[in-house]
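Enquirer: In our numbering, each number is its position in the sequence shown, counted from 1, plus 1.
C-beta: ideal position from N, C-alpha, C; glycine also.
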Amino acid sequence: MSKPNDSKSRPIAGWLLFLVAGIGVFALGMLASSITERRAETVPARLQFMQPIADFEADNAKWGQSFPREYNSWESTKDTNENSKYGGSGFRDYLEEDPRLVVMWAGYPFAKEFNQARGHYHSVDDVTGTKRIDEKTPGTCWTCKSPDVPRMMEKVGIEQFYSGKFAEFKPEIKNPIGCADCHDNKTMQLRISRPALVEAFDRQGKDISKATHQEMRSLVCAQCHVEYYFKGDKKYLTFPWDEGFKAEDFEKYYEKNEHVDWTHAVSGAKMIKMQHPDYEVYQQGIHAFRGVSCADCHMPYRSEGGIKFTDHQIRSPLYNIQNACGVCHKWSEKEVIGRVESIQDKNKELLDAAQDAITRAHLEIGDAKKLGATDAELDGPRKQISKAQMFWDYVAANNGMGFHAPQECARVLAKATNYAQMARIDVAVIRARFGAGPFALPDLGSKAKAQEFIGPFVESAKAKTAATTAAPAPAPAPEGASAGRTS
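1) Spatial neighbours of Glu378 within its chain, please: C-beta separation below 7 angstroms, excluding the five flanking residues on both sides.
2) From the DSSP secondary-structure annotation, give me the bridge partner or partners of Gly89.
3) Can you tell me which residues form a DSSP beta bridge with Trp263?
4) Taking Cβ positions, are Glu228 and Lys388 nearer each other than 8 angstroms?
5) Should Glu365 go down as buried or exposed, given a rule of 16 or more other Cβ atoms within 10 Å for buried?
6) Going by beta-carbon coordinates alone, are Asn61 and Gly179 separated by less than 8 angstroms?
7) Thinking just about the alpha-carbon of each residue, which of Ala441, His265 and Asp56 is nearest to the one in Pro110?
8) Where does the unbroken alpha helix (DSSP H) through Glu342 begin, and where does it stop?
9) Just to confirm my understanding: we take Phe240, look at its own chain, exclude 5 residues before and 5 after, and list those with CB closer than 6 angstroms. What are they?
10) In terms of residue numbering, what span does the alpha helix (DSSP H) encompassing Lys309 cover?
11) With distance defined between alpha-carbon atoms, name the residue in Val396, Gly401, Arg434 and Met423 nearest to Lys274.
12) Give every residue of the same chain whose Cβ lies closer than 7 angstroms to the Cβ of Ala223, excluding the five residues on either side of it in the sequence, and list them in chain order.
13) What alpha helix (DSSP H) runs, 4 residues minimum, are completely inside the region 99 to 123?
14) Could you have a look at Tyr302 and say whether DSSP puts it in helix, strand or coil?
15) Can you name the residues that DSSP bridges to Phe231?
16) For the alpha helix (DSSP H) holding Phe251, just list the boundary residues, first then last.
17) Considering Cα atoms alone, identify which of Ala362, Arg412, Ile455 and Arg316 is closest to Arg119.
18) In three-state terms, what does DSSP make of Glu169?
19) Spell out the partners DSSP gives Pro489 in its beta bridges.
20) Tell me which same chain residues have a C-beta within less than 6 angstroms of the C-beta of Met423, skipping the five on either side of it?
21) Roughly how many whole angstroms lie between the Cα atoms of Thr470 and Ala464?
22) Could you please give the first and the last residue of the uninterrupted alpha helix (DSSP H) stretch that includes Trp143?
23) Which same chain residues end up closer than 6 angstroms to Trp75 when comparing Cβ atoms and leaving out the 5 residues on each side of it in sequence?
24) Please report the Cβ distance between Tyr320 and Glu83, rounded to the nearest whole angstrom; I am assuming they are in contact, meaning their Cβ atoms lie under 8 angstroms.
25) Measuring alpha carbon to alpha carbon, tell me which of Ser461, Thr466 and Ala449 ends up nearest Ala112.
26) Tell me Tyr94's beta-bridge partners as DSSP assigns them.
27) For the alpha helix (DSSP H) holding Gly381, just list the boundary residues, first then last.
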């Protein structure tokens, strides 16, 4: 026989069960409604893909009408408040931070101004505002600054664009780096819009059109984030990749082609200024080996309104650790930053050692010249310091402070320091012949002081160049006589 209390509790339990079931049904209904709503949101997004975009359309806002999420994230590259320990998007005067750079680039435009580049949104303003631009600057310097460039190349021809003057194209180039630089306007697929990368692949016997989508997520960056130089009198943009991507490969290429960027105003050495070999250094690292692309870290996927898309706020992954690093590395943000900065700190220490030796070598060679050393005597130390600085710059000029390939960067910097110290040893012997003791370093405590110090050397080099240019050509040799003598 059941107890009286049991019969009373059964109706209550039934009502509770009914209430729980009702709440569950309501929750499922809300979830279904939310899913339906999110799916509905994708319909206009898909329809937006059909809006036509004209060929050579450089206005990023017009692309943004069809791709508002991508456009809004791209607009965030205007932000200048993100500065990591060694990089970021904010203003940073590298010459003021390290005046040794002024001496290392004496006689080259970088000694005038070298600031941290801001985000892509500022690309046109930054290139037109730098002190490194003058009336002699070629059109080549526009190549990576605007989606207006492919249109101008189509209009005037690639060679004519490169060999023209920078100022000539200024009225036509208005839009900062954006959509058309990387995307086909019909299919929205990633595409290569700059000829130099295609030409570099061709010279290596590679067909860039066969690159996979994942490879393209790095190659669109490699259109610009690379080492390059202006070849010949026509300033034709060229990537020195024929021998490979390593520092030694570039050394071999430039020696073979006898290319020189400038003659150092203090030491008289023939110099190469590396640009930003980001893609080449990345190729030597673990992320490239594992198939991780530039975009995986610098433009990770994100979701908004039920839609997954690529974040176009291209920036340091340290400001987007969860999406950029957290996909593979299950560490806390603090641990990620700690590991990255530990790698970068070690690289900075090696950079400083090489940089100190290189700066001293330039000054000591310059002093030996003032003491009376001949060009023949200084040829060896000059060649050593040229190699040292090119190897140093292979690491210094690439973004990431060594993070993209730590072991390769350490190897290259070790060679840079060794070359510089060899130059110093050789020039010490030369200076000793003149009775000179240890060289006393000048006051390089600020950018202004360093620029003041190199000023007379730069002016002297300019005068020498002007005199050489203005010198009349030698008279033609009489018929039947050699060009080197008269009878």
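Expert: Working from what's here:
1) Working through the sequence shown from its first residue, we reach residue 378 at position 377. Here the set comprises Ile431.
2) As a working note, residue 89 is residue 88 in the sequence shown. Asn84.
3) Numbered from 1 along the sequence shown, position 262 holds the residue referred to as residue 263. Looking at the DSSP assignment, Trp263 forms a beta bridge with Met272.
4) As a working mapping, residue 228 is identified with position 227 in the sequence shown. As a working mapping, residue 388 is identified with position 387 in the sequence shown. No, Cβ-Cβ distance for Glu228 and Lys388 is not below 8 angstroms.
5) As a first step, residue 365 is located in the sequence shown; it is residue number 364 there, counting from the start. Buried.
6) In the sequence shown, the residue the question calls residue 61 occupies position 60. In the sequence shown, the residue the question calls residue 179 occupies position 178. Yes, they are a contact pair.
7) Start at 1 with the first residue of the sequence shown, and residue 110 comes out as number 109. Nearest of Ala441, His265 and Asp56 to Pro110, Cα basis: His265.
8) Taking the sequence shown and counting its residues from 1, the one referred to as residue 342 is at position 341. Unbroken alpha helix (DSSP H) run through Glu342: Glu334 to Leu372.
9) Against the sequence shown, residue 240 aligns to sequence position 239. Answer for Phe240: Ala197, Ala201, Val227 and Tyr229, listed in chain order.
10) What you label residue 309 is simply residue 308 of the sequence shown in a count that begins at 1. It is not in any alpha helix (DSSP H) - Lys309 instead sits in the beta strand (DSSP E) that spans Ile308 to Thr311.
11) Stepping through the sequence shown from its first residue, residue 274 is reached at position 273. Considering only alpha carbons, the answer is Val396.
12) Position 222 of the sequence shown, counted from the first residue, corresponds to residue 223. Only Leu198 and Tyr280 meet the Cβ criterion.
13) 101 to 105
14) Numbered from its first residue, the sequence shown carries residue 302 at position 301. DSSP places Tyr302 in strand when its eight states are reduced to three.
15) Working through the sequence shown from its first residue, we reach residue 231 at position 230. According to DSSP, which records beta bridges pairwise, Phe231 is partnered with Leu238.
16) To locate residue 251, count along the sequence shown from 1; it is residue 250. Phe251 -> alpha helix (DSSP H) spans Ala248 to Asn258.
17) In the sequence shown, the residue the question calls residue 119 occupies position 118. That would be Arg316, whose Cα lies nearest to the Cα of Arg119.
18) For the purposes of this step, residue 169 is taken as the residue at position 168 of the sequence shown. Looking at Glu169 - three-state DSSP - the assignment turns out to be helix.
19) No statement about residue 489 is possible, as the shown extent of the chain runs from 2 to 488 and does not include it.
20) Residue 423 sits at position 422 when you count from the first residue of the sequence shown. Here the set comprises Gln385.
21) As a first step, residue 470 is located in the sequence shown; it is residue number 469 there, counting from the start. As a first step, residue 464 is located in the sequence shown; it is residue number 463 there, counting from the start. Each residue's Cα considered, the two are about 10 angstroms apart.
22) Here residue 143 corresponds to residue number 142 of the sequence shown, with the count starting at 1. Here Trp143 belongs to no alpha helix (DSSP H), and DSSP marks it neither H nor E.
23) The residue you call residue 75 lines up with position 74 of the sequence shown. So the list reads His313, once near-sequence residues are dropped.
24) The residue labelled residue 320 in the question sits at position 319 within the sequence shown. The residue labelled residue 83 in the question sits at position 82 within the sequence shown. With a Cβ gap of about 5 angstroms, Tyr320 and Glu83 count as contacting.
25) The residue labelled residue 112 in the question sits at position 111 within the sequence shown. Nearest option by C-alpha distance: Ala449.
26) Against the sequence shown, residue 94 aligns to sequence position 93. Note on residue identity: the sequence assigns Asp, not Tyr, to residue 94. Answer is Asn116, bridged to Asp94.
27) Working through the sequence shown from its first residue, we reach residue 381 at position 380. Segment Asp376 to Ala397, the alpha helix (DSSP H) holding Gly381.
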